[in-house]
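Inspection log for the structure reproduced underneath, given as structure tokens.
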Amino acid sequence: MKKHIGILAPNGYSFAVCSIGVMAYGCVAVLLPPQLDKQMVFGCSKKYDLAGLIYAPLFTEKVELITKDVFLADSNTILQTTADKDYTNKNVDKDDSACIIMTGGTTGKAKGVVLSNDNINCGAYQCEVSGLNFKDRGTWLDIMPPFIVYGVGNGLHLPLSMGMKVILMPKFDPTKFDEILLKHKPNYMAGVPSHYGYLLESKKLEGVDLSFIK
């Protein structure tokens, strides 16, 4: 049985490296929403039978209740660890379970949903063949939560699979969004209607040429 490894971190480099690393190693990454409190994190550790949990240092208090049978490691420590020499020898099948994401309970109670490696790849491929032009391999701005299916599939894995440079925002913050947008001038952005509505209504961006976003 595949080991389940929890990931508790905001959108960013640490989340990307740790979550993809867990999946590529042949384990199942359980993507935990950062807004969970420590009781809910503990509950998830039991419900999803976590063998380990990688957490961002700012969430140290959220893992206080985790029992000793779950290996705990902060993301900074993981990033400084020497790579396992057997890593490249892992045989990961497209139908293998890759991650578990939490649903919002739109059609019932909130629950964890299993995605296979092929599920994630197909999501990225679907965008590629849907008429979107990604040939220039430009810069992608990802402002979506990484623990939902749109965020992990289209926000992160899609641009990486296309060889793009990815700018990761921990969360959508209007006070910083304008600055990041104008600094990096992304060619593409993964967002929802409210994000694009902000672009249209922002006084700071009024009169600014945003044609670099395709």
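For our numbering, count along the sequence shown from 1 and bump the result up by 451.
The C-beta atom is built at its ideal place from N, Cα and C for all residues, glycine as well.
Note that the structure is predicted; figures quoted are calculated from it, not measured.
ask   = By a C-beta neighbour count over all protein chains shown, 10 Å radius and 16 as the cutoff for buried, is V603 buried or exposed?
value = Here residue 603 corresponds to residue number 152 of the sequence shown, with the count starting at 1. Result: buried.
request  = Compute the distance between the beta-carbons of I618 and I599, then report whether it is under 8 angstroms.
outcome  = The residue given as residue 618 occupies position 167 in the sequence shown. The residue given as residue 599 occupies position 148 in the sequence shown. Cβ atoms of I618 and I599: not closer than 8 angstroms.
query = If you draw a straight line from the C-alpha of K519 to the C-alpha of Y499, how long is it?
reply = Locating residue 519 in the sequence shown gives position 68, counting from the first residue. Locating residue 499 in the sequence shown gives position 48, counting from the first residue. CA-to-CA, the gap between K519 and Y499 works out to about 16 angstroms.
ask   = Can you name the start and end residues of the alpha helix (DSSP H) that I529 belongs to?
value = By 1-based counting over the sequence shown, the position of residue 529 is 78. Start and end: S526 to L530.
request  = Ignore the nearest five residues each way along the sequence and tell me which others in D547's own chain have a CB closer than 8 angstroms to its CB.
outcome  = In the sequence shown, the residue the question calls residue 547 occupies position 96. Contacts found: K453, G477, S567 and N568.
query = By a C-beta neighbour count over all protein chains shown, 10 Å radius and 16 as the cutoff for buried, is L661 buried or exposed?
reply = Along the sequence shown, one-based indexing puts residue 661 at 210. Counting other Cβ atoms within 10 Å of its Cβ, L661 stays below 16 and is therefore classed as exposed.
message = Report the start-end ranges of each alpha helix (DSSP H) in the stretch 598-633 that is 4 residues or longer and not cut off at the edges.
response = 609-612, all fully within the stretch 598-633.
query = Should the stretch 454-469 be called in touch with the stretch 493-507, which here means at least 3 C-beta pairs below 8 angstroms?
reply = Contact between the stretch 454-469 and the stretch 493-507 is present, because at least three Cβ pairs lie under 8 angstroms.
query = Given P461, which residues of its chain have a CB within under 6 angstroms of its CB, disregarding the five upstream and five downstream residues?
reply = In the sequence shown, the residue the question calls residue 461 occupies position 10. Cβ contact annotation for P461 (same chain, cutoff 6 angstroms, sequence separation greater than five): P485 and P621, in chain order.
query = Could you give the distance in angstroms between the alpha-carbon of K489 and the alpha-carbon of S470?
reply = By 1-based counting over the sequence shown, the position of residue 489 is 38. By 1-based counting over the sequence shown, the position of residue 470 is 19. Cα to Cα, the separation comes out at about 20 angstroms.
ask   = Do K616 and W591 have their C-beta atoms within less than 8 angstroms of each other?
value = What you label residue 616 is simply residue 165 of the sequence shown in a count that begins at 1. What you label residue 591 is simply residue 140 of the sequence shown in a count that begins at 1. The Cβ-Cβ distance between K616 and W591 falls below 8 angstroms.
task = Kindly indicate which residue of M474, C495 and V481 has the alpha-carbon position closest to the one of N542.
result = Along the sequence shown, read from residue 1 onward, the residue named residue 542 stands at position 91. For the residues M474, C495 and V481, the minimum Cα distance to N542 belongs to M474.
inquiry  = Using the Cβ count rule (16 or more neighbours within 10 Å means buried), how would you classify D544?
reply    = Taking the sequence shown and counting its residues from 1, one reaches residue 544 at position 93. Answer is exposed; the Cβ neighbour count stays below 16.
request  = Classify C495 as buried or exposed, calling it buried when 16 or more other Cβ atoms lie within 10 Å of its own Cβ.
outcome  = For the purposes of this step, residue 495 is taken as residue 44 along the sequence shown, with counting starting at 1. Here C495 is buried. Its C-beta has 16 or more other C-beta atoms within 10 Å.
query = In chain order, what residues of the same chain have a beta carbon less than 8 angstroms from the beta carbon of K655, not counting five sequence neighbours either side?
reply = Against the sequence shown, residue 655 aligns to sequence position 204. Within the same chain, K655 has close Cβ partners D629.
ask   = Roughly how many angstroms separate the alpha carbons of A524 and I517, rounded to a whole number?
value = The residue labelled residue 524 in the question sits at position 73 within the sequence shown. The residue labelled residue 517 in the question sits at position 66 within the sequence shown. Rounded to whole angstroms, the separation of the alpha carbons of I517 and A524 is 12 angstroms.
ask   = What are the boundary residues of the beta strand (DSSP E) that M553 is part of?
value = Along the sequence shown, read from residue 1 onward, the residue named residue 553 stands at position 102. Boundaries of the beta strand (DSSP E) around M553: S548 to M553.
task = Evaluate K562 with the Cβ neighbour count: other Cβ atoms within 10 Å of its Cβ, from every protein chain shown; 16 or more gives buried, anything less gives exposed.
result = Taking the first residue of the sequence shown as position 1, residue 562 is located at position 111. Its Cβ having fewer than 16 others within 10 Å, K562 is exposed.
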